[in-house]
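Just so we're aligned: 1078 in our numbering is position 8 of the sequence shown, and the numbers increase by one with no gaps anywhere. Scroll down for the structure; my scribbles are underneath it.
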Amino acid sequence: MTPQSGVRLLIVGPPGAGKGTQAARISEQLGVPTISTGDIFRRNIAEQTELGKQVKAIVDNGDYVPDELTNELVKDRLEQADAHGGFLLDGYPRTPDQVAYLDGLLASHGHVLDAVLQLVADPEELIRRLTLRASQEGRADDSEDAIRHRQEVYLRETQPLLRIFRERELLVEIDGLGSMDEVAHRISAALSSRGLGASAA
Ligand code: ADP
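This is the structure we're talking about:
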């Protein structure tokens, strides 16, 4: 028996909050794949696939890939066998249309979302950390302005989505400041309290 089978989660969090690391841990704990639309697009661009060629200019510009294309991609990915028993989606849905599409897709399989994990961190603290890291790594292109801009874009774009999930009582806010272990522990505890946890590891 796999008690965690069927866990369907989203993870959202600001740039620099360690979302990728936490996503990998959750995936491992729950035995579900992390599906990152950004990673899929980047891989397709690197491999120069048909999809990659279609989206390269858009992604390079930092714009959103059109919903139809993104939705189709997610549908195909979620239909693969490893996602039948659950998933952790990262970077999708990002627009209200994508939320509606995902709802329909899950409903057509008799599934629902179980929770939306939101890593919460003070933007000023993240800007301070990211600026320090950029200077230590000598990344002059990563100016404080650029870093600040990305935090602003994140906040602006995610607010409407977070509102939708809060109304559905799916939103689980996790304090994202602290060590990777501390944050991971908070996520495990939050999932367990919702009956979504893995073992009491
Ligand atoms: P970030 O670089 O902000 O962390 P991601 O790695 O999630 O973003 O995605 C990288 C790029 O891929 C985005 O800037 C966008 O062009 C495209 N992309 C990823 N997910 C989506 C989505 N759900 N809808 C539209 N475009 C997306």
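Every residue gets a Cβ at the ideal spot worked out from N, C-alpha and C, and that includes glycine.
**Report entry** Continuous alpha helix (DSSP H) stretch holding GLU1227: start and end
**Finding:** 1214-1237
Report task. For TYR1171, I'd like the list of residues in its chain whose CB is within less than 6 Å of its CB, leaving aside the five on either flank, ordered along the chain. Result -> Excluding sequence neighbours, TYR1171 sits near ASN1141.
Query raised in the report: Excluding the five sequence neighbours on either side, which residues of its own chain have a C-beta within less than 8 Å of the C-beta of LEU1176, listed in chain order?
Result: ARG1078, VAL1182 and LEU1183
Query raised in the report: Near SER1263, which residues of its chain fall below 6 Å by C-beta distance, leaving aside the five closest residues on each side in sequence?
Result: none
**Report entry** Closest residue to VAL1186 among ASP1167, LEU1241, LYS1145 and GLU1227 (Cα-Cα distance)
**Finding:** LEU1241
**Report entry** LEU1202 classed as buried or exposed, judged by whether at least 16 other C-beta atoms fall within 10 angstroms
**Finding:** exposed
Query raised in the report: Around the C-beta of GLN1150, are 16 or more other C-beta atoms found within 10 angstroms, so that it is buried, or is it exposed?
Result: exposed
Query raised in the report: Whose C-alpha, out of GLY1088, ILE1128, VAL1129 and SER1097, is nearest the C-alpha of ALA1153?
Result: Comparing Cα positions, the closest option is SER1097.
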